[in-house]
Every structure is written in C-alpha cells, then in structure tokens.
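Residue numbers for the sequence shown, in the numbering used here: 557 to 990. Glycine included, every Cβ here is placed at the ideal spot set by N, Cα and C. From a predicted model like this one, the values you see are computed outputs, not experimental measurements.
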Amino acid sequence: MPTDVIMPQMGESIVEGTITKWLKKPGDRIQRDEPLFEISTDKVDAEIPAPASGVLQEIKVGEGSTVQVNTVVGTIAADGEGQAQASAAKTAPAKAAPAVPARPTPAAKSQPAETKEPPAPAVSEPESGAFDEHARSSPLVRKLAREHNVDLSQVTGTGLGGRITKQDITAFLEGHHAAPSAPAPASAPAPAPRPATPAIPGDLVPMTQMRKIIAQRMIESRRTSAHVHCMFEVDLSRIVALRNKHKASFEQRHSVRLTFMPFFVRAAIIGLQQFPIVNASMENENIRYHRYINVGIAVALDWGLIVPVLKNAGDLNFLGLQRGITDLGERARSKKLKPEDVEGSTFTVTNPGQFGAVFGLPIINQPNAAIMGVGGITKTPLVVTDRDGNDSIAIRSVVHLTLGYDHRVIDGAVADQFMAFVKKTLENWGEDVG
Numbered sequence: 557m558p559t560d561v562i563m564p565q566m567g568e569s570i571v572e573g574t575i576t577k578w579l580k581k582p583g584d585r586i587q588r589d590e591p592l593f594e595i596s597t598d599k600v601d602a603e604i605p606a607p608a609s610g611v612l613q614e615i616k617v618g619e620g621s622t623v624q625v626n627t628v629v630g631t632i633a634a635d636g637e638g639q640a641q642a643s644a645a646k647t648a649p650a651k652a653a654p655a656v657p658a659r660p661t662p663a664a665k666s667q668p669a670e671t672k673e674p675p676a677p678a679v680s681e682p683e684s685g686a687f688d689e690h691a692r693s694s695p696l697v698r699k700l701a702r703e704h705n706v707d708l709s710q711v712t713g714t715g716l717g718g719r720i721t722k723q724d725i726t727a728f729l730e731g732h733h734a735a736p737s738a739p740a741p742a743s744a745p746a747p748a749p750r751p752a753t754p755a756i757p758g759d760l761v762p763m764t765q766m767r768k769i770i771a772q773r774m775i776e777s778r779r780t781s782a783h784v785h786c787m788f789e790v791d792l793s794r795i796v797a798l799r800n801k802h803k804a805s806f807e808q809r810h811s812v813r814l815t816f817m818p819f820f821v822r823a824a825i826i827g828l829q830q831f832p833i834v835n836a837s838m839e840n841e842n843i844r845y846h847r848y849i850n851v852g853i854a855v856a857l858d859w860g861l862i863v864p865v866l867k868n869a870g871d872l873n874f875l876g877l878q879r880g881i882t883d884l885g886e887r888a889r890s891k892k893l894k895p896e897d898v899e900g901s902t903f904t905v906t907n908p909g910q911f912g913a914v915f916g917l918p919i920i921n922q923p924n925a926a927i928m929g930v931g932g933i934t935k936t937p938l939v940v941t942d943r944d945g946n947d948s949i950a951i952r953s954v955v956h957l958t959l960g961y962d963h964r965v966i967d968g969a970v971a972d973q974f975m976a977f978v979k980k981t982l983e984n985w986g987e988d989v990g
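As structure tokens, this is what we get:
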C-alpha cells in the first residue's frame, strides 16, 4: 500500500499550511526523512521530510495551495510499484481529457491542485490573453518566468495535467542560454522581452503566506501598542578592537564565528535585569513581570522576516549567546526552525545596521513591551575627554541604538535609563569574549 504524505501540524495552534515548493517530482526516488516539500504556516517556514522510502507516486496538492493539517498532499509507493504508477499518473490525464470540461480555472490557494485536468498543448496556445498560465503553473513558476522573461506558452509542461514545473523552466532556460536567475536592477537595461511577456514593473504578484502574516502582525502591533522611540549614540571602539583582536582565536577554539550581536544582546540582558519592566508584557489591564529573559533575534530572510527566540538567555554566558544566535540564524535560513523556536520572547533585538542603516525605528514584536534596534557601526569624529578633563576630536567606531517601547507599560524616563545603562555597559566592556 502507498504511504500517504500529509500536511503536518506544526504546533498546537496551527490549523493549515501552504505548500510553497515540492523538492521532488512524481517518479523520483526518495529516502525516508529526506526533505520532500516546503511549507509555510503562521509560525514558521519549514522543510518537511518524507515519511517513508520509495518513489513519489503522486502529488495531490500543488505549490501555492493552502490546506488543512492532516490533509493528504501526496503518496509514496515502493520502488517498483511507484515508478509504474507515477508514469501512469503522468499519462492518465491525457486519456481522460474528453471526459473533463476544458474550463481553465486559476489555482486558488485554498484548493488542492487539480490532478485530472487535461494537459494543455505545449506551444500551440495563442500569445494573447487567451492563454491561461495560472491553470498550468504555480506562483513560483510564474515568478521565475517573469524574472527570466520567459513566455510560458513556449514551455512544455511535464507535471500532472501538463502543468509547468520549476524543473521545466530550468530546462527551458538551459536550452536557450537564458540570463542569470537574479532579476536585473531597475536602473540596468533589461533583456529584450518576448512580445507576450508582461513587463515586470506592471505585474500584480500575490503576497506569499509569510508576507501576509508579517503584514497582519505589524498592523496589529501598531494598533495595540503606544509606540515611542528613543535613540542613543554609543562609542563602540573598545568592542571593535576587542573583536578584531580575538575573532580568529575565538573561531579556532569554539568553531563559531565571533560577531557583534552577542555584545548587544548581553548588554541588553544586563539592562533587563536592572530594569525588569522593559522585559515585561501587558495582559489585559495587568502587567506581567517575566521571571526569565527570552530574547527574540530578528533574522532577515530572502523571502521575509522571522524572529526565533533565544530561551533563558539570562542564564547563558557570552559563548552560549554566540552559539545560540548563530544556531537560530542558520536554522531560520535553512527552514529548520520548529514552532517552539519562535514562541515565548520577552524582548527583541533587531539589526538593520547589517545592511547599512544608520538606525531604525522598529515595530514592537508582540506581546513584548520593547524592541532594540542596532544600527550600522561607522567611523565618526567625536569629542572625547581624557582623565584630566581635556577635550579632543578623535575618530571612533560609533553605533546608534534605538529602543522602541510601549508607552502603556514603560515610561520615557525608564526607557532612557535602560538605554543609558546599555550604553555604559558597551562602552566599558571588559575582556570577556568567551
């Protein structure tokens, strides 16, 4: 009997998931626990492993479709049986074509992909709006086609029902010596488009599941919290010199790269221990003072933003913070996070400075009462005072730290005192780097 592949429940509160990418196609051999498809939920984006070894017999739910948990999205058969049935599945729609109404319908995210629709001719569709690319391709495929100026009517679909897959696009590009996959910058001249391909600036592209969730959470946070921001300039010269001195030996001893982030997180933790209201959250008309410090670390991904959580961060030493931050970032980018990895934060740190921003005004990550933004580290002329009170101008490494806080919970004076404490901690850092 074939093994059903189901949409997993990624956490108690998760009721549905969106298939964003199939990593195998019907007829491919697969080993148990090998990544089979990718999903997006309210909590995380994740790779889902195969429940059994064998051959992917059938894909029942296509890319871009959203289904309830425990829905069967595909089947895996034993090697011999699977190869034969997968081949039959590819040809079956063509035989059944006369019995199926030729009624192309755009694939809705809330519906499984049709597996019995007749395959459309490979190249014979007209180049006008009569060609319904939505009926034969997923959002991912259409995105790739737009990026490479590919006319989908010229691509032969090898998927179920003649659907065009990512592999079909790749094969088409390889055969036509297409341009690189990255879209050209707006200021650069674009490759000559095919007449039937719409211009990229005029496209209306559906939001991804993650983008929808981010939009919803940001609006909810703005409506929930009374946002206020304060910014502090910090002389980071001592820490920059310390990191430059120890980064090579640190990586050699601990097999992890030394970054600036654990310095900021550690300074924030010490500040939160001194000012616990900044680590609190609001529950109805009450304020919850948390016994623990769970630091959310915002991670920018190619496809969005996620905030995995460093649990019990107050109990970690400097090395533990660096390892935890590195681990969360790597698992976020490789889609290995679990739902519990993004729950339970009490304070958040985000780092827009890694992309060159001088500072940012971050939106609070609910239900936190505060979020600290780390700007870029730049060399700046500063007035410095020596022990005798003499002033001089020196080139220093400076960072701007921003605290976004909920004024319902935290008063401005407390927010400023907290940030002044963080500033002092960073500017007077000892020799401790793990």
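Based on Cα-Cα distance, which residue from Val711, Ala824, Ile720 and Gly573 lies nearest to Thr627? Gly573
Is Tyr845 buried or exposed, if buried means 16 or more other CB atoms sit within 10 Å of its CB? exposed
With a cut-off of 8 Å, do at least 3 Cβ pairs link the segment 933 to 950 to the segment 888 to 901? no
Do three or more CB pairs link the segment 959 to 970 to the segment 941 to 950 at distances below 8 Å? no
Neighbourhood of Ser596 by C-beta distance below 6 Å, restricted to the same chain and skipping five residues each side: Cβ within range, chain order: Thr574, Thr576, Gln765 and Met766.
Alpha helix (DSSP H) segment containing Glu619, residue limits: No alpha helix (DSSP H) holds Glu619; DSSP gives it neither H nor E.
Indicate the three-state DSSP secondary structure (helix, strand or coil) for Gly960 in the structure shown. strand
Measuring only the C-alpha atoms, how far is Arg726 from Arg702? The question names Arg, but residue 726 is Thr in the sequence shown. Cα to Cα, Thr726 sits roughly 13 Å from Arg702.
In whole angstroms, give me the CA-to-CA distance for Tyr961 and Arg847. 20 Å
Suppose you measure from the CA of Pro762 to the CA of Lys768; what does that come to, to the nearest Å? 10 Å
Take the Cβ of Arg698 as the centre, count every other Cβ of all protein chains shown within 10 Å, and call the residue buried at 16 or more, exposed below. buried
Identify, in the order they occur along the chain, each residue of the same chain with its Cβ nearer than 8 Å to the Cβ of Gln587, setting aside the five sequence neighbours on each side. Ala606 and Ser609
Can the beta-carbon of Asn850 be found less than 8 Å from the beta-carbon of Gly900? Cβ atoms of Asn850 and Gly900: closer than 8 Å.
Taking all protein chains shown into account, decide if His704 is buried (16 or more other Cβ within 10 angstroms of its Cβ) or exposed. buried
Are the CB atoms of Pro818 and Phe903 nearer to each other than 8 Å? no
For Ser837, which of helix, strand or coil comes out of DSSP? strand
Cβ shell of Asp598 (< 7 Å), same chain only, five flanking positions each side left out: Ile570 and Ile769
Please report the distance separating the alpha-carbon of Val905 from that of Ile862. 12 Å
Can you tell me whether Ser837 is buried or exposed? The criterion is at least 16 other CB atoms within 10 Å of its CB, across all chains shown. buried
Cβ of Leu792 within 8 Å of Cβ of Leu982? yes
For Gly827, which residues in the same chain have their Cβ closer than 6 Å to its Cβ, ignoring the five residues on either side in sequence? Phe974, Phe977 and Val978
Closest Cα partner of Ala823 within the set Val790, Val812 and Glu594: Val790
What is the residue span of the alpha helix (DSSP H) that His785 lies within? Where His785 is concerned, there is no enclosing alpha helix (DSSP H), although the beta strand (DSSP E) it sits in stretches over His783 to Asp791.
For Val796, I'd like the list of residues in its chain whose CB is within less than 6 Å of its CB, leaving aside the five on either flank, ordered along the chain. Ser953
Apply the 10 Å Cβ neighbour rule to Phe593 and answer buried if 16 or more other Cβ atoms are within range, or exposed otherwise. Buried: at least 16 other Cβ atoms inside 10 Å.
Please state the DSSP three-state secondary structure of Gly932. coil
Kindly give me the distance between the Cβ atoms of Gln922 and Ser777, rounded to whole angstroms, as I take these residues to be in contact under 8 Å. The C-beta separation of Gln922 from Ser777 comes to about 5 Å, placing the pair in contact by the 8 Å criterion.
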